[in-house]
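Enquirer: Dropping a structure here in structure tokens format, bear with me for questions.
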Amino acid sequence: MKKSLTRRNFIAGGIVAAAATAVAVGALRTPRKNVGAGSSRPQEYNGLETFGRGNPAPTRARRYIALEKSGELAQREEKLFELMSPCKLCPRDCGARRTDGRMAACRTADRFRVASFGPHHGEEAPLRGRHGSGTIFFSMCNLLCVFCLNYQINHKGEGRYTTHRELADMMLNLQARGCHNINFVTPTHVLPHIVKALRLAINDGLDLPIVYNTSGYEHPEIIKLLDGIVDIYLPDFKFQDSEVAGRLSPRAHNYPEKAAASIKEMHRQVGTLRMDANGIATSGVLIRHLVMPENLGGTDKFVKWVAENLGTDTHVNIMGQYRPMFRARYYPPLNRSLTQQEFAQAMEWAYRAGLHNLH
0 MKKSLTRRNF IAGGIVAAAA TAVAVGALRT PRKNVGAGSS RPQEYNGLET FGRGNPAPTR
60 ARRYIALEKS GELAQREEKL FELMSPCKLC PRDCGARRTD GRMAACRTAD RFRVASFGPH
120 HGEEAPLRGR HGSGTIFFSM CNLLCVFCLN YQINHKGEGR YTTHRELADM MLNLQARGCH
180 NINFVTPTHV LPHIVKALRL AINDGLDLPI VYNTSGYEHP EIIKLLDGIV DIYLPDFKFQ
240 DSEVAGRLSP RAHNYPEKAA ASIKEMHRQV GTLRMDANGI ATSGVLIRHL VMPENLGGTD
300 KFVKWVAENL GTDTHVNIMG QYRPMFRARY YPPLNRSLTQ QEFAQAMEWA YRAGLHNLH
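Okay, here's the thing in structure tokens:
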């Protein structure tokens with residue numbers, strides 16, 4: 000029987016390919032044939048194929064293109080780099096002088112790493128469509144959950160140091176391969192680099208929707224700087240209790256309040272998820288929530304919060320794939336998998352809250 004492509008399997012496959020080739024970001028660079036008008040033959044750039052450079056595809060009036068033309072995007076980039084050192088990019092407010100090579104929780108100084116990139120067919124249906132979501136997985140994380148399913152990337156930092164030009168070429172590569180969007184996974188701690196590379200890609204013809212795929216541990220003030228840059232927000236909302244958050248994501252006691260405020264700001268910017276005639280997401284918010292044993296994530300409170308603050312038409316993915324990974328065995332009851340009864344209870348809470356756009 001064919002094994003389904005899950006998010007974890009996709010990431011693991013990217014890591015294996017990276018180890019085999021020793022160049023993680025080059026593992027998925029073959030373009031899809033017949034990707035449509037506006038595409039061109041690949042060119043070589045420092046070992047990475049690039050597409051459409053000097054021959055941009057017709058734009059679809061993305062707001063980030065207007066921001067680049069007006070000079071506003073350059074100003075946002077400058078502001079984000081200022082906030083990176085001393086670092087205030089995430090709610091930890093660690094103050095690390097990253098441009099001096101210092102680092103804190105995310106263990107990232109002034110350079111960034113990419114673990115893998117490619118069309119991902121394991122995301123939610125409105126994101127993956129027929130040709131996949133164009134995911135770029137960044138190494139390291141600012142939240143660092145003890146039960147992390149992607150600990151090889153987020154905790155151990157598997158990946159390859161990457162330049163801004165290479166990152167821009169990845170975006171163009173994914174566009175040429177027919178992906179429906181550019182999906183930045185775990186972007187918070189490297190956000191200034193993303194915006195810098197995005198500007199390069201825009202000037203070479205990028206015009207896909209931008210997905211901000213985050214743990215939810217964000218500063219609302221930073222999210223405000225993304226207004227007009229991000230088309231689709233894909234945040235987690237993991238914890239509703241500060242004590243639980245601080246224990247399972249060390250010293251992140253302020254996670255619930257920061258995630259709530261940030262998701263409200265995301266919703267203010269782009270609203271409820273909108274899709275085209277083919278069911279492909281074009282803009283909006285889709286929230287993920289992982290159901291955990293003994294309701295440690297507070298699913299009952301989460302669904303009520305969504306209904307009361309964002310509306311019952313909000314798109315939500317109630318995820319039932321929890322299993323003990325990384326250091327979860329040291330944190331009972333996380334040392335066991337989720338039961339069918341626990342997941343059924345979580346879905347009942349969602350329906351009772353009036354949520355109906357469930358993925």
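Residue 165 in numbering that gives the first Met the number 0 sits at position 166 of the sequence shown; the count goes up by one each step and never skips.
Quick reminder that beta carbons are idealized off the backbone N, C-alpha and C, glycines included.
Predicted model, so just to flag it, every value in this text is computed and none were measured.
Are I360 and M169 closer than 7 Å when you measure CB to CB?
Expert: Missing from the structure shown is residue 360; the chain here goes from 0 to 358 and no further.
Enquirer: Relative to the alpha-carbon of G278, which residue among A108, A258, R127 has its alpha-carbon at the smallest distance?
Expert: It is R127.
Enquirer: Please confirm whether A345 and T298 have their CB atoms less than 7 Å apart.
Expert: Contact flag set, yes.
Enquirer: To which residues of the same chain is N334 closer than 8 Å at the C-beta, ignoring the five residues directly before and after it?
Expert: Taken in chain order, the residues that qualify are P323, A327, R328.
Enquirer: Three-state secondary structure (DSSP) at I262?
Expert: Residue state, collapsed to three classes: helix.
Enquirer: With A260 and P219 assumed to form a contact (beta carbons below 8 Å), what rounded beta-carbon distance in angstroms separates them?
Expert: Going by Cβ atoms, the distance from A260 to P219 rounds to 4 Å, so yes, they are a contact pair.
Enquirer: Please report the residue range of the alpha helix (DSSP H) in which I221 lies.
Expert: 219-223 is the extent of the alpha helix (DSSP H) around I221.
Enquirer: With burial defined as no fewer than 16 other Cβ atoms inside 10 Å of the residue's Cβ, what is the status of L357: buried or exposed?
Expert: Exposed: under 16 other Cβ atoms inside 10 Å.
Enquirer: Answer yes if the region 173-191 comes into contact with the region 212-232, meaning at least three C-beta pairs across the two stretches below 8 Å, and no otherwise.
Expert: Taking 8 Å as the limit for Cβ pairs, the verdict is that the region 173-191 does touch the region 212-232.
Enquirer: Any idea which residues DSSP pairs V315 with across the strands?
Expert: Answer by DSSP bridge pairing, in chain order: I286, L357.
Enquirer: Within 8 Å, do at least three Cβ pairs link the region 165-179 to the region 194-208?
Expert: Touching, per the Cβ criterion.
Enquirer: With a threshold of 8 Å on Cβ separation, who are the neighbours of S282 within its own chain once the five nearest residues in sequence on each side are excluded?
Expert: So the qualifying residues of the chain are P208, D230, I231, V269, G270, L272, R273.
Enquirer: For P191, collect the residues of the same chain with a Cβ closer than 7 Å to its Cβ; drop the 5 residues on either side in sequence, then sort them by chain order.
Expert: These residues qualify, in order along the chain: E76, L79, F80, M83.
Enquirer: Within this structure, are the beta carbons of A280 and P125 separated by less than 7 Å?
Expert: Going by C-beta atoms, A280 is nearer than 7 Å to P125.
Enquirer: Which term fits H119, buried or exposed, when burial requires 16 or more other beta carbons within 10 angstroms of its beta carbon?
Expert: Buried, because 16 or more other Cβ atoms sit within 10 Å of the Cβ of H119.
Enquirer: Does E347 pass the burial test, meaning 16 or more other C-beta atoms within 10 Å, or should it be called exposed?
Expert: Its Cβ having fewer than 16 others within 10 Å, E347 is exposed.
Enquirer: According to DSSP, which residues form a beta bridge with A306?
Expert: In the DSSP output, where bridge partners are listed per residue, A306 has none listed.
Enquirer: Is it true that the CB of V302 sits closer than 7 Å to the CB of A258?
Expert: Not in contact: A258 and V302 (Cβ atoms no closer than 7 Å).
Enquirer: Use the C-beta contact count for Y211: other C-beta atoms within 10 angstroms, 16 or more gives buried, fewer gives exposed.
Expert: Answer is buried; the Cβ neighbour count reaches 16.
Enquirer: Going straight from the alpha carbon of S336 to that of A251, what length do you get?
Expert: Their Cα atoms are separated by approximately 24 Å.
Enquirer: If you follow the beta strand (DSSP E) that P208 is in, where does it begin and where does it stop?
Expert: Unbroken run through P208: none, as it is neither H nor E.
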